[in-house]
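Numbering (the working numbering), first residue to last: 1 to 170. Every residue gets a Cβ at the ideal spot worked out from N, C-alpha and C, and that includes glycine. Before any comments, here is the structure.
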Ligand code: S3P
């Protein structure tokens with residue numbers, strides 16, 4: 001059985017920030033699937049979507065997931081919001097869903113000092129109604145795939161990270 005922790009959840013829910021806090025508390029090594037794809041391609045996600053289209057990006061996610069399944073252990077893996085759909089995702093590690101209502105996620109993004117940049121870099125968050133529809137479509141799918149659901153609505157990153165480490169036995 002794989003020893004990795006895999007953070008999944010909607011765009012802007014805080015996967016990256018939670019990952020950094022888990023690293024701080026546990027000393028685990030962390031990687032991010034979007035970062036891996038950007039370095040494989042030497043271009044930003046936004047550019048990959050614009051120049052190649054979404055299906056190309058999803059193929060890259062599958063390639064990364066296969067490598068994670070075969071070659072990576074004892075690692076904290078944060079993922080892009082759609083990564084959970086790759087085949088055999090359970091073989092990558094323990095799937096931890098960071099969960100919050102859409103309104104909370106959106107409010108947090110727009111309250112952020114670099115809100116504009118946060119929205120601009122996400123091709124699937126250009127239109128709020130479309131993003132909300134995608135959230136509604138995915139929410140049950142995230143839950144179906146998760147080994148562990150963490151409600152992140154009213155908690156700081158330190159508390160969330162601690163809860164994840166406790167519940168995954170790290
Ligand atoms: C996506 C989420 C993004 C990134 C890409 C597609 C999605 O990652 O992988 O823009 O399908 O939800 P974040 O969740 O880090 O924004």
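{"Check": "Identify whether residue 79 lies in helix, strand or coil by the three-state DSSP scheme.", "Outcome": "coil"}
{"Check": "Taking the runs of the beta strand (DSSP E) that are 3 residues or longer, which of them lie wholly in the region 54–127?", "Outcome": "75–78 and 94–99"}
{"Check": "Looking at residue 105 and residue 118, is the spacing between their C-beta atoms short of 8 Å?", "Outcome": "no"}
{"Check": "Is it true that the CB of residue 149 sits closer than 8 Å to the CB of residue 143?", "Outcome": "yes"}
{"Check": "Alpha carbon to alpha carbon, what distance is there between residue 158 and residue 136?", "Outcome": "28 Å"}
{"Check": "Could you give the residue range of the alpha helix (DSSP H) that holds residue 161?", "Outcome": "157–167"}
{"Check": "So if DSSP puts residue 131 in a beta bridge, which residue, or which two residues, is it bridged to?", "Outcome": "None; residue 131 has no bridge partner."}
{"Check": "Near residue 65, which residues of its chain fall below 8 Å by C-beta distance, leaving aside the five closest residues on each side in sequence?", "Outcome": "33, 83, 86, 87, 88, 89 and 92"}
{"Check": "Look at the alpha carbon of residue 2 and the alpha carbon of residue 78, and state the distance between them as a whole number of angstroms.", "Outcome": "15 Å"}
{"Check": "Please go through the same chain and pick out, in chain order, the residues whose beta-carbon is closer than 7 Å to the beta-carbon of residue 25, but skip the five residues on each side of it.", "Outcome": "161, 162 and 165"}
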